[in-house]
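Protein chains in written order, with our numbering: chain A, 4 to 170; chain B, 32 to 593.
Cβ coordinates follow ideal geometry from the N, Cα and C atoms, glycine included.
Here is the structure we will look at, set down as structure tokens.
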Amino acid sequence: MRHTISLTVENKFGVLARVAGLFSGRGYNIESLSVAETLDPLLSKMTIVTSGEDKIIEQIIKQLNKLINTIKVTDLTVTDHVEREMVLVKVSASGESRTEVLRLVDIFRGKIVDVSPDTFVIELTGDEGKIQAVLSLLTPLGVKDIVRTGKVAMQRTIQQKKSQKTE
Amino acid sequence: MKMSGAKIFVESLRKEGVDTIFGYPGGVVLYIYDELYRGGVRHILVRHEQGAAHMADGYARATGKVGVALVTSGPGATNTVTGIATAYMDSIPIVVFTGQVSTNLVGNDAFQEADIVGITRSCTKHNFLIKNVRDMARTIKEAFYIARTGRPGPVVVDIPKDVTIDTAEFSYPDAIDLPGYKPTYEGHTGQIKRAIDMILASKKPVIYTGGGIISSGAAKDLLTFTELLNAPITNTLMGLGGVPGDHPLFMGMLGMHGTYAANMAVTHTDMLIAIGARFDDRVTGDINEFAPDANIVHIDIDPTSISKNVEVDIPIVGSAKQVLAEMNRLLKGDKRLKAFHRQLSDWKALIRKWQEAYPLTYKKTGKLKPQFVIEKLYEITRGDAIITTEVGQNQMWTAQFYKFRKPRTFVTSGGLGTMGYGFPAAIGAKIAVPDATVIDVAGDGSIQMNIQELATAVQYKVNVIVAILNNNYLGMVRQWQSLFYGKRYSHTHMSYKPDFVKLAEAYGAKGYTVDREKDVIPTFREALRSKLPVLIDFHVEEEEDVYPIVPAGASLKKMLLA
Ligand SMILES: Cc1ncc(C[n+]2csc(CCOP(=O)(O)OP(=O)(O)O)c2C)c(N)n1
Ligand SMILES: [Mg+2]
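Put into structure tokens, the structure is as follows:
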């Protein structure tokens, strides 16, 4: 099963390499990883999307906790949380399809961030379902390139699910 | 007071109470060596940096203190990698200081530059690159702290040359501030109580312990625990010496070359009590058939070790010592113990039957047997010695036929299985415990991997004894070829070998050859009296095999017995 893990680490050089090395060295897969400084500049936060059986996920969380630079690991999948990802999509847009693209961008509250005579670059933000939906609608129109940030995620302040946060 | 980085380095080692370091100089550590010239810390000049890392490791295993190595950048640093990985796999606290090219050259493929922090990331508990002299003292403090606390392990500290020249105010920090590192020592009380309930309800318990007993200093607590329960116990290779090898409840080692009784007992147990052991594949064999009917309590300081290979019923994260002490406290005076002891009698009778049916043994053929050499070594030292080993058959026969009676007397590369480990480790151990008798049981293959350290031993008068079980083969590999590859001895016969006696003499050590049983004890006696390091070349039966053996990946009950 797919898990979204939020990881707070010390903001020091080499920490990303330790995290990435842990996944590659032990044969865990990373679907996406995003990282940036937090409000406290001494810390950074990573959002890692990974998948595996429960036993593997348990090991991943324990192994992440074991890193000396790790401050906190939370498996967001077992909590109420919000997830967002941003994608930039370059689509062919000439003639009639130009209006069709514009219409889709409008419906999904995207933005056109670059224009050429026969392409648009669209900026889209949303959860996985929305991104998937837009991409599948754009594909027949001719998607030339996409770049995704990977997920970022945050726990909701009010938890409905019983949260089973790890330490 | 302002000091150079080099001086801060030496002062910091002194603050850590380091008495000896094992090292080898080179360009980027010259300022540090210049500082060492003034004294302050004893430095042992090794002959290969791998030797330095293993000596630091042997020093650590023999004492529990952090072992220290110092080497130059590039090839000096990369030469320590095998030693670091060896310590990592066996959770041994060492700190390896590597020189690095100056900070302005880092990343430029400078002369003798190697990204040792990158290279050792996956075989250290943690590693550091010191970029500024102001971080030197704090980093060294953290390195020692990380190495020796929690589940111990090796730490690498990479020090660029300019950092050893730059100056800073020296003050050694009192406190550690590592927000992400807080090892758990005390076990959860509720879990401990639940574990005791589960244990006391069992009928066929087995205690299975590993290196965690040694590293946490829990041997006494383990003995109390074992005797309180009056339950059979087995050790992993790393756990030997954790319980007296001649104790009536001790079944010997388990696993691939474990005893019949120990392997049968873990196969049939209904209650496996695992302490400071990690269910390694060399121990479990086919994991699905390992203790298949048992409830499992697992006590370990490292949460990642728990439920990694087998599902456990009651996990307890904590140090073996503290958890056992707490269990003992609760067990003493527990009214259920009497009934528990009574219901163990059938189980113990069954184990006794297994022990009597298939004890560790070997066939006498008239030729000198390697097992015989180990038996005599035990007889003559009465278990009062530090025994190191190389890797292969020599290691397994030592584990089987020497009865380790105390912790920190068996020093062997378990997890990595590093040939060439035993001899430098013996030197490190002897330097750490000068009064101890220290013997490296070697193979004729392994000893040639770090033979150059004979020079170190002679130079510093480190009078260790090397007992080579010379079978003319890479014996353990030959044994597998014999059993599982149709006796096709591909590249395991060593048709050319040095004259070990002359080799010892060339280094200024003493050499002996023994090929008859009756010379074994007298030669050991002479070696023990020697004022020089001694190498004894025992010409043993060439194609002797280690039994029992569980074929790789097979169930423990599928042991081959002879
Ligand atoms: C550095 C290293 N290389 C290779 C091996 C694989 N290996 C394991 S045992 C062994 C044979 C060791 O031969 P020897 O030292 O003569 O010991 P014996 O088994 O004959 O007692 C080999 C090659 C190893 N463990 N370590
Ligand atoms: Mg051999």
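> What separation, rounded to the nearest whole angstrom, lies between the Cα atoms of B:His570 and B:Val422?
Replying inline: Rounded to the nearest angstrom, the two C-alpha atoms are 18 angstroms apart.
> What do you get for A:Asp78, buried or exposed, if any count of 16 or more other CB atoms within 10 angstroms of its CB means buried?
Replying inline: Counting the other CB atoms within 10 Å of its CB gives A:Asp78 a total of 16 or more, which places it among the buried residues.
> Is any beta-carbon of chain B found at less than 7 angstroms from that of A:Lys48?
Replying inline: no
> How would you label B:Asp415, buried or exposed, when you count the other beta carbons within 10 angstroms and need 16 or more for buried?
Replying inline: exposed
>> Using the Cβ count rule (16 or more neighbours within 10 Å means buried), how would you classify A:Glu170?
In response: Summary for A:Glu170: the model assigns pLDDT 40, below 50, so the residue's position carries little reliability, and this model does not support an answer.
> Do the stretch 84-99 of chain B and the stretch 116-128 of chain B make contact, defined as three or more Cβ pairs closer than 8 angstroms?
Replying inline: yes
> Cβ of B:Thr51 less than 7 angstroms from any chain A Cβ?
Replying inline: Answer no: the Cβ-Cβ gap between B:Thr51 and chain A never drops below 7 angstroms.
>> Counting only Cβ pairs nearer than 8 angstroms, list the residues of chain B close to A:Thr73.
In response: Correct list: Gly211.
> Closer than 6 angstroms: is that where the CB of B:Val422 sits relative to any heavy atom of ligand 1?
Replying inline: yes
> Beta carbon of B:Gly70: closer than 6 angstroms to some heavy atom of ligand 2?
Replying inline: no
>> For a quick check, are the C-beta atoms of A:Leu91 and A:Val38 less than 7 angstroms apart?
In response: no
>> For a test of your reading of the model: does the CB of B:Ser477 fall under 6 angstroms from any non-hydrogen atom of ligand 1? Yes or no.
In response: Within the cutoff, so yes.
> How big is the Cα-Cα spacing for B:Glu42 and B:Arg439?
Replying inline: 29 angstroms
> How about B:Gly448: is its Cβ closer than 6 angstroms to a heavy atom in ligand 1?
Replying inline: yes
> Quick one: complete alpha helix (DSSP H) runs, 4+ long, within the stretch 87-171 of chain B?
Replying inline: Listed in chain order, the complete alpha helix (DSSP H) runs (minimum 4 residues) inside the stretch 87-171 of chain B are 106-109, 112-120, 147-150.
> What three-state label does DSSP hand B:Asp466 in the structure shown?
Replying inline: coil
> Cβ of B:Gly474 within 6 angstroms of any heavy atom in ligand 1?
Replying inline: yes
>> On the CB-based measure, 16 or more other CB atoms within 10 Å of its CB, does B:His288 come out buried or exposed?
In response: buried
> B:Ile462 to B:Val493, Cα distance in whole Å?
Replying inline: 7 angstroms
> Hey, out of B:Ala325, B:Ile347, B:Val328, B:Arg309, whose CA is closest to B:Asn340's CA?
Replying inline: B:Arg309
>> Ignoring anything shorter than 4 residues, give me the alpha helix (DSSP H) runs that lie fully in the stretch 28-98 of chain A, in order along the chain.
In response: 57-69
>> For ligand 2, I want to know if B:Tyr520 counts as a neighbour, meaning its beta carbon is within less than 6 angstroms of at least one of the ligand's heavy atoms.
In response: no
>> Taking 7 angstroms as the threshold (C-beta atoms), are B:Ala37 and B:Glu66 in contact?
In response: yes
>> Here's the rule I'm using: 16 or more other beta-carbon atoms within 10 Å means buried, otherwise exposed. How should B:His333 be labelled?
In response: Note on residue identity: the sequence assigns Asp, not His, to residue 333 of chain B. Flag for B:Asp333 reads buried.
>> Quick check on A:Arg29: buried or exposed, where buried means 16 or more other Cβ atoms within 10 Å of its Cβ?
In response: exposed
> Exposed or buried, which one is B:Ser247 when buried takes at least 16 other CB atoms within 10 Å?
Replying inline: buried
> Do the stretch 473-493 of chain B and the stretch 553-565 of chain B meet, that is, are 3 or more Cβ pairs less than 8 angstroms apart?
Replying inline: yes
> Among the residues of its own chain, which have a CB less than 6 angstroms from the CB of B:Thr420, if the five just before and after it don't count?
Replying inline: Gln426, Thr429, Thr443, Gly453, Val472
>> In whole angstroms, give me the CA-to-CA distance for B:Ala356 and B:Leu260.
In response: 14 angstroms
>> Residues of the stretch 55-86 of chain A in Cβ contact with chain B at a cutoff of 9 angstroms, in chain order, please.
In response: Lys58, Glu61, Gln62, Lys65, Gln66, Asn68, Lys69, Leu70, Ile71, Asn72, Thr73, Ile74, Lys75
> Taking the alpha-carbon positions, what's the B:Thr523 to B:Pro582 distance?
Replying inline: 19 angstroms
> What whole-angstrom Cβ distance do B:Met358 and B:Phe201 have, given they're in contact under 8 angstroms?
Replying inline: Cβ atoms of B:Met358 and B:Phe201 stay farther apart than 8 angstroms, at about 45 angstroms.
>> Our contact map puts A:Thr122 next to A:Ala156 with C-beta atoms below 8 angstroms; I'd like the distance itself, whole angstroms only.
In response: 31 angstroms between Cβ atoms; not a contact.
> Can you give the Cα-Cα distance for B:Ser350 and B:Ser586, rounded to whole angstroms?
Replying inline: 30 angstroms
>> Short of 8 angstroms in beta carbon distance, which residues of its chain neighbour B:Gln222, apart from the five on each side in sequence? Order them along the chain.
In response: The beta carbon of B:Gln222 sits closer than 8 angstroms to the beta carbons of Ile345, Pro346, Ile347 from its chain, once the five residues preceding and following it are set aside; these are given in chain order.
> Where does the unbroken alpha helix (DSSP H) through B:Asp65 begin, and where does it stop?
Replying inline: 61-68
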